[in-house]
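To keep things clear, I will list the structure first and then write my remarks on it.
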Amino acid sequence: MEKQPTSEELVRWLVKLLDVKPGQEEGHFAGRRKRGGVGRVFGGQVIAQALAAAERTVAEDRAVHSLHAYFLRGGSEDHEIDFKVERDLDGGSFSNRRVVASQLGTPILNLVASFHRREDGPRHQDAMPDVPLPDDLPSEAELRRQYLHLVPEDKRAQMIAPRPIELRPVEKRHWMGAEPSEPRAHTWFRACAPLPDDPRIHRAVLAYASDMSLLGTCTLPHGLSWTVGNLMGVSLDHVVWFHDDFRADDWLLYATDSPWAGGARGLNRGRIFTADGRLVAETAQEGLIREIKPKG
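Residue numbers (this note's numbering): 221 to 516.
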């Protein structure tokens with residue numbers, strides 16, 4: 221039996237994956253391939269690497285406060301990703317960067333990121349939802365093994381593959397045999413081992429994890445799931461607003477909802493809270509959702 225990587229190895233590989241390398245041309249950076257990756261590149265990886273490339277060109281006293289990304293084409297795990305960064309603005313308080321992610325000369329993602337020099341100002345926030353704490357919930361890895369018999373055989377290896385992000389869902393998911401439900405979900409998540417202290421790494425890991433469980437929210441009322449095999453879905457765009465400091469190796473609550481779906485598209489929103497109730501980030505994503513109907 222193949223030896224399973226430790227949590228520390230998984231997180232070390234994730235940090236290296238999101239640490240882009242200087243490219244051969246000025247303003248270009250290279251995004252590594254995922255270790256053992258097969259098929260399509262995970263969207264969260266491309267977003268996080270694009271953010272990392274943009275951050276390499278901005279002064280450290282300016283933290284990213286928002287990013288807006290459009291997925292143009294699916295990326296391939298067979299190739300590294302080239303990130304070209306345009307320095308559109310370096311003002312008194314804000315900097316702005318445009319990033320084009322390409323493979324073999326073909327764009328796969330466009331991203332715009334804005335950076336802000338920290339200032340004091342008025343504060344308010346939404347209250348954190350009242351949900352069970354992560355220590356009172358089983359991990360998604362445990363749940364995946366428990367419900368593996370409900371998953372099509374060709375998807376089982378992927379279902380139980382070890383991951384660098386630990387998830388603890390509050391509600392049942394479709395692949396657990398859950399009935400259709402309102403488009404609302406809550407998931408605790410964190411890196412499965414300690415991360416370095418660099419806040420840019422924590423922002424990159426949050427950007428990576430923000431693509432997990434978000435698009436699936438709009439499918440909850442309709443009994444559709446990639447895992448079950450009755451859904452073809454892809455992200456069309458993705459937005460993250462970073463409000464405050466956090467650690468991505470501490471528990472974070474991802475509260476998601478979907479206000480609308482129609483015309484084969486679904487809109488999803490997310491709020492990310494620390495365990496002590498601080499709202500540290502918000503997300504939004506529209507995705508393509510097409511039902512796959514049985515043949516015959």
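The beta-carbon is built from N, C-alpha and C at its ideal position, and this holds for glycine as well.
In this structure, DSSP gives residue 392 a state outside helix and strand, which the three-state scheme calls coil. Residues of the same chain with a CB within less than 8 Å of the CB of residue 485, apart from the 5 flanking positions on each side, are 456, 506, 507, 508 and 509 in chain order.
Taking 9 Å as the cut-off, the beta carbon of residue 371 is found closer than this to the beta carbon of residue 379. Close CB contacts of residue 265 within its chain, under the 7 Å cut and outside five residues either way in sequence, are with 237, 254 and 428 (chain order).
Residue 512 sits exposed, since fewer than 16 C-beta atoms from the chains shown fall within 10 Å of its C-beta. Membership of residue 475 in the beta strand (DSSP E) is indicated by the continuous run 472-482. With a minimum length of 3 residues, the unbroken runs of beta strand (DSSP E) contained wholly in the stretch 375-430 fall at 385-389 and 404-411. Annotated three-state conformation of residue 371 is coil, per DSSP. Residue state for residue 242 is assigned as strand, using DSSP reduced to three classes.
Per DSSP, residue 283 is one residue of the beta strand (DSSP E) stretching across 282-291. The beta-carbon distance between residue 274 and residue 305, rounded to whole angstroms, is 6 Å. This is short enough to meet the 8 Å contact definition.
Linking residue 403 to residue 246 through their CA atoms gives a straight-line distance of about 45 Å.
Measuring C-alpha to C-alpha distances from residue 475 to each of 449, 502 and 357 identifies 502 as the nearest.
About 18 Å separates the beta carbon of residue 348 from that of residue 434, a gap too long to meet the 8 Å contact definition. In summary, residue 242 is exposed, with fewer than 16 beta-carbon neighbours lying within 10 Å of its beta-carbon over all protein chains present.
Secondary structure at residue 461: strand, using DSSP grouped into helix, strand and coil. In the three-state scheme derived from DSSP, where H, G and I count as helix and E and B as strand, residue 512 is classed as coil.
DSSP places residue 299 outside both helix and strand once states are collapsed to three, so it counts as coil.
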